[in-house]
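Down below is the structure, laid out as structure tokens.
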Amino acid sequence: MIDQHCHSITLADLDDSAFASLLTESDRPPAPGISPFDSSLGLAVRRWCPPALGLPAHAPMADYLARRRELGPAEAARRLLAATGISHCLVDTGLTIAAGHPLLPLPDLASLSGAQVREVVRLESIAEPVDTSPADWAHAVESALRTATASAVAVKSVLAYRHGLAIPAERPSPPEVAHAAATHRPGRRLTDPVLLRQLLWTAVDLGLPIQLHTGFGDPDLTLHRADPSLLTDFIRAVEPTATPLVLLHTYPYHRQAAWLAQSFPHVYADLGLTLSYTGPRAATVLGEMLELTPFAKLLFSTDAYGLPELYTVGAAQYRHALHRTLTTWQSDGACTAADATRIAGLVSTENSRRLYGL
Amino acid sequence: MIDQHCHSITLADLDDSAFASLLTESDRPPAPGISPFDSSLGLAVRRWCPPALGLPAHAPMADYLARRRELGPAEAARRLLAATGISHCLVDTGLTIAAGHPLLPLPDLASLSGAQVREVVRLESIAEPVDTSPADWAHAVESALRTATASAVAVKSVLAYRHGLAIPAERPSPPEVAHAAATHRPGRRLTDPVLLRQLLWTAVDLGLPIQLHTGFGDPDLTLHRADPSLLTDFIRAVEPTATPLVLLHTYPYHRQAAWLAQSFPHVYADLGLTLSYTGPRAATVLGEMLELTPFAKLLFSTDAYGLPELYTVGAAQYRHALHRTLTTWQSDGACTAADATRIAGLVSTENSRRLYGL
Amino acid sequence: MIDQHCHSITLADLDDSAFASLLTESDRPPAPGISPFDSSLGLAVRRWCPPALGLPAHAPMADYLARRRELGPAEAARRLLAATGISHCLVDTGLTIAAGHPLLPLPDLASLSGAQVREVVRLESIAEPVDTSPADWAHAVESALRTATASAVAVKSVLAYRHGLAIPAERPSPPEVAHAAATHRPGRRLTDPVLLRQLLWTAVDLGLPIQLHTGFGDPDLTLHRADPSLLTDFIRAVEPTATPLVLLHTYPYHRQAAWLAQSFPHVYADLGLTLSYTGPRAATVLGEMLELTPFAKLLFSTDAYGLPELYTVGAAQYRHALHRTLTTWQSDGACTAADATRIAGLVSTENSRRLYGL
């Protein structure tokens with residue numbers, strides 16, 4: 022299986038609350054009496070992870086955390102990653118710490134997991150530190166991006182967090198960009214919509230697939246501004262270039278993303294962390310995504326971040342949800358076993374292989 | 022069953038890619054390696070259509086297309102339409118070609134299908150060619166519409182494609198209309214929101230049910246601008262006239278449409294092509310629609326277009342989805358067999374009979 | 022079970038159409054041939070209520086209404102309420118009549134139901150009659166609210182009906198409030214967005230949980246303006262105060278509400294009348310809500326109003342939906358029986374007990 026969007030993990034010793042903090046999209050301490058373990062994702066962790074560490078499925082979280090500590094983070098991670106069946110990880114390197122701890126460098130993630138690891142370069146991480154004159158900003162960013170992506174398979178945009186997805190479609194003019202660049206301080210967060218558009222169009226020119234965060238994420242975004250339908254004018258403007266656009270996560274707007282993937286030849290979609298976070302409901306959510314998404318346009322990913330558990334859970338949830346969905350389809354007479362095998366192969370591996378040239 | 026919104030078909034010899042192009046809402050050639058057959062709709066075609074042509078269900082698409090060619094388009098269409106059980110087709114005549122081929126005239130569709138065929142007049146098709154002075158535009162359009170609808174059962178609006186559904190509710194003033202009409206060139210696409218509103222209000226005065234495209238369609242529309250909730254102010258303004266408004270398709274905003282149908286006495290809803298396009302998931306989508314839509318307000322339609330297969334699939338998907346939904350409700354203890362029969366009768370036939378006076 | 026948001030009932034003799042008018046969110050007379058009984062809610066009433074009055078489940082509505090009349094409204098209400106298993110009712114006293122009849126005072130509701138009854142004070146009902154100078158409006162409203170909430174457990178906002186949820190986040194300045202107050206006539210509906218914001222911030226200062234209507238309701242609201250995601254900036258602004266915000270009803274935007282409840286420590290969510298109105302589909306809707314809502318953040322309520330039947334149906338639908346959801350999760354291997362018991366306890370009782378200090 023090709024995990025087309027994920028992040029690295031930490032091998033730090035995490036205390037219980039640091040561990041819990043990586044099982045929610047919230048970056049806030051929970052209210053009194055409320056634990057991230059009491060969630061659909063918490064159930065999924067207790068379902069899939071204890072067996073990888075030699076405990077029964079659904080072991081209490083305290084037992085699981087004790088066992089994890091007993092093995093040590095590195096050995097636990099090795100076991101958890103081995104259980105995934107993932108052959109390739111396309112890693113967004115835009116995040117570098119989790120719960121205050123540095124993430125593993127990609128070669129270390131590769132040797133720990135046994136998977137081939139390829140980089141996805143985050144656009145904003147490259148553009149933000151660029152220190153040059155306003156008139157040169159566009160050129161310097163382009164140059165920095167070309168250097169940074171020399172061996173990358175894709176780029177990633179977090180426009181949804183920085184501005185929301187409702188941007189004008191057109192490439193901004195050089196004077197507009199220079200004018201906007203005059204207000205950007207190197208190293209600061211890039212939020213100017215002109216510079217964000219310029220950055221996207223620079224990526225379009227590069228031609229690598231552009232992964233775009235859409236749908237839910239941490240509280241730094243406003244959900245309705247992350248509806249991928251808001252990207253439609255931009256999608257239309259990019260279409261003549263044939264640069265692929267990959268709509269990440271997309272929930273709860275995944276039916277909108279599915280329509281975009283059906284409508285526009287260069288648009289692809291995934292569910293990412295959605296299948297982990299929705300726990301017992303993942304099969305239904307995957308089914309909703311398959312209503313309109315062409316089977317050759319849906320991509321598997323875990324969007325794992327910080328914890329090796331999120332690789333284990335992401336892969337297991339996807340596999341279980343896909344199996345349940347396709348089994349239900351067959352028992353309802355909606356498709357054959359051969360169809361099911363073909364669909365599973367496309368989504369798990371072939372679509373990403375074709376798109377990223379792996 | 023009364024198919025309350027559909028289009029005519031072509032009897033041209035279609036090559037494989039022309040056939041495939043009518044199984045997606047995209048009007049673009051697919052990206053390399055990607056076929057519209059690999060989709061939920063593709064599965065539904067292979068499920069329901071081969072048996073109508075003497076092949077087993079789920080026959081490979083290549084076998085199906087070969088058999089279709091062997092029979093010839095007219096004989097294939099006759100067999101496919103005979104399998105539908107549709108007694109009445111309300112045909113939107115606003116589309117006249119499919120995959121480059123002319124659609125059958127309505128009398129030919131009637132004799133081929135054995136169904137009663139009635140016309141739904143597309144508002145924009147009537148208004149666009151009107152060639153008159155700006156001051157006379159409103160009157161000339163009204164007159165053209167009265168002539169065109171002499172034997173029609175309803176009109177249809179594609180406001181969702183031309184502007185999106187967020188329009189001011191009020192009838193525009195005659196000077197506004199004359200001013201806007203001065204910019205419209207006869208025969209061109211009507212996109213001016215003042216003229217589109219005037220056209221809708223002309224239709225309201227006519228009193229025939231107005232079918233409005235809402236929700237997904239081809240890439241000419243922007244999905245979030247087709248959310249039927251955006252019509253709420255217009256719906257309120259029309260309410261005193263009692264002219265019925267029928268929200269077509271509605272997906273993925275069908276729960277919003279359902280609320281409108283419950284809230285306003287003159288609003289009705291359907292799912293149209295949604296049940297075909299969502300293939301194995303149709304029963305769930307229909308269930309979502311039945312959450313809030315009063316059972317006497319939901320209307321069956323196929324929204325078939327171009328291919329007789331889309332009639333076969335639309336009718337079979339609807340029947341299968343309704344059966345599964347109502348069977349599940351009974352086994353859960355939520356309703357009786359008599360309730361299920363009554364609901365099926367309302368949605369399949371009685372609601373359209375009452376609304377359109379058939 | 023703690024019903025964290027409901028309304029009082031009427032003991033008037035209701036004719037059939039008055040009874041029916043309380044089984045739809047529409048406040049309009051139904052179109053000819055269309056009855057609110059033919060709906061998912063109608064099925065739920067016929068499923069759960071006849072047994073409470075000694076008839077078989079699914080008895081025809083006419084038989085049920087005859088039996089109800091035979092017993093008399095008070096005895097029928099006593100039996101219907103006894104069937105709910107509700108121990109506490111948090112009653113929004115902002116509505117005072119139903120189908121033209123006065124609602125029972127809270128002490129009478131308490132003695133009829135045997136439940137503990139606590140008051141939820143509707144903000145707009147307190148602020149609208151305040152008759153003072155514009156400069157004093159803010160102060161007078163605060164004072165009225167303190168008096169009105171002396172023994173209340175929460176307040177309730179109907180901002181969704183009065184303006185929609187898209188308001189600026191910040192507390193308005195005193196001059197802005199005085200300026201806006203000059204246009205408000207005591208006793209009139211409060212629709213000025215400055216005054217509505219001032220009222221909300223007054224409630225924030227009070228510190229009681231604020232229940233906010235979001236999602237569907239009667240046709241007085243516009244659905245897309247009631248998407249709880251529109252509240253995000255306000256939610257962020259309130260966060261430092263820790264005043265709890267409870268997103269009521271939320272459907273069809275319940276997945277958005279669930280994300281807000283996961284993201285922000287002070288945000289809670291419920292489904293209210295949704296589980297009654299969606300009848301046979303309630304388990305699925307509840308499942309959707311549990312995808313992202315932390316299990317310690319979801320609250321049970323019936324949102325019953327006018328008819329004691331809506332308490333019976335609300336409690337039974339919730340119990341049945343929760344049971345089906347958790348049973349399905351267990352049979353799929355997604356959680357244990359102990360997990361299911363814990364989740365049910367949190368949502369039914371413990372979350373409200375903790376939040377409201379009961």
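Protein chains in written order, with my numbering: chain F, 22 to 379; chain Y, 22 to 379; chain W, 22 to 379.
The C-beta atom is built at its ideal place from N, Cα and C for all residues, glycine as well.
The structure displayed is predicted, hence computed values, not measured ones.
Check: Burial state of A358/W (16 or more Cβ within 10 Å); Outcome: exposed
Check: is_contact[S284/W, chain F] using C-beta, thresh 7 Å; Outcome: yes
Check: Contact the segment 227–246 of chain Y vs the segment 168–188 of chain Y: 3+ CB pairs below 8 Å; Outcome: yes
Check: A336/F versus A365/W: straight-line alpha-carbon distance, rounded; Outcome: 28 Å
Check: Limits of the unbroken alpha helix (DSSP H) element including H287/Y; Outcome: Premise fails: H287/Y is in no alpha helix (DSSP H) and is neither H nor E.
Check: Within chain W, partners of Y298/F - CB distance below 9 Å; Outcome: Q283, E312 and L313
Check: Residues that V176/Y bridges to, as DSSP identifies them; Outcome: V142/Y and I231/Y
Check: Where T348/Y falls, given that 16 or more other Cβ within 10 Å makes a residue buried; Outcome: exposed
Check: Those residues which DSSP pairs with H184/Y across a bridge; Outcome: H184/Y pairs with nothing; no bridge assigned.
Check: L125/W, DSSP secondary structure in three states; Outcome: coil
Check: Beta carbon proximity, D59/W to chain Y, threshold 7 Å; Outcome: yes
Check: For G300/Y, the three-state DSSP class (helix, strand or coil); Outcome: helix
Check: H270/F - partner residues in DSSP beta bridges; Outcome: T235/F
Check: Burial state of I118/F (16 or more Cβ within 10 Å); Outcome: exposed
Check: Beta-carbon neighbours of S250/W, restricted to chain F and to distances below 8 Å; Outcome: T243, L244 and H245
Check: Distance, G238/F Cα to G308/W Cα; Outcome: 20 Å
Check: Same chain, Cβ closer than 7 Å to A21/W, five either side skipped, listed in chain order; Outcome: This structure cannot settle anything about residue 21/W, because the visible part of chain W is limited to 22 through 379.
Check: Neighbourhood of K318/F by C-beta, 6 Å cutoff - its chain only, sequence neighbours within 5 removed; Outcome: A282 and Y289
Check: For Q137/Y: DSSP bridge partner residues; Outcome: H109/Y
Check: Those residues which DSSP pairs with D24/Y across a bridge; Outcome: C110/Y
Check: Identity of the residue in W69/F, G121/F, S29/F and T295/F nearest A39/F by Cα; Outcome: G121/F
Check: Contact check, L313/W vs A279/W, beta carbons under 7 Å; Outcome: yes
Check: Inter-residue Cα distance where the pair is G316/F and S284/Y; Outcome: Checking the sequence shown, residue 316/F turns out to be Phe, not Gly. Distance between the alpha carbons of F316/F and S284/Y: 37 Å.
Check: Delimiting residues of the alpha helix (DSSP H) encompassing L328/F; Outcome: Per DSSP, L328/F belongs to no alpha helix (DSSP H) and is neither H nor E.
Check: Under 7 Å between C-beta atoms of S61/F and G300/F; Outcome: yes
Check: Min CB distance P155/F to chain W below 7 Å; Outcome: no
Check: Proximity test, Cβ basis, 7 Å: R183/W and chain Y; Outcome: no
Check: Selection of the segment 351–362 of chain Y by Cβ proximity to chain W, strictly under 8 Å; Outcome: D353, G354, A355, C356, T357 and D360
Check: Contact with chain F by L86/Y, beta-carbon distance below 7 Å; Outcome: no
Check: Below-7 Å beta-carbon distance, G308/F vs any chain Y residue; Outcome: yes
Check: Simplified DSSP assignment, three categories, for I55/Y; Outcome: coil
Check: Alpha carbon of R257/F to alpha carbon of A263/F, nearest angstrom; Outcome: 10 Å
Check: is_contact[S47/Y, chain F] using C-beta, thresh 7 Å; Outcome: yes
Check: Any chain F beta carbon closer than 7 Å to G236/Y; Outcome: no
Check: In DSSP terms, what I364/F is bridged to; Outcome: None; I364/F has no bridge partner.
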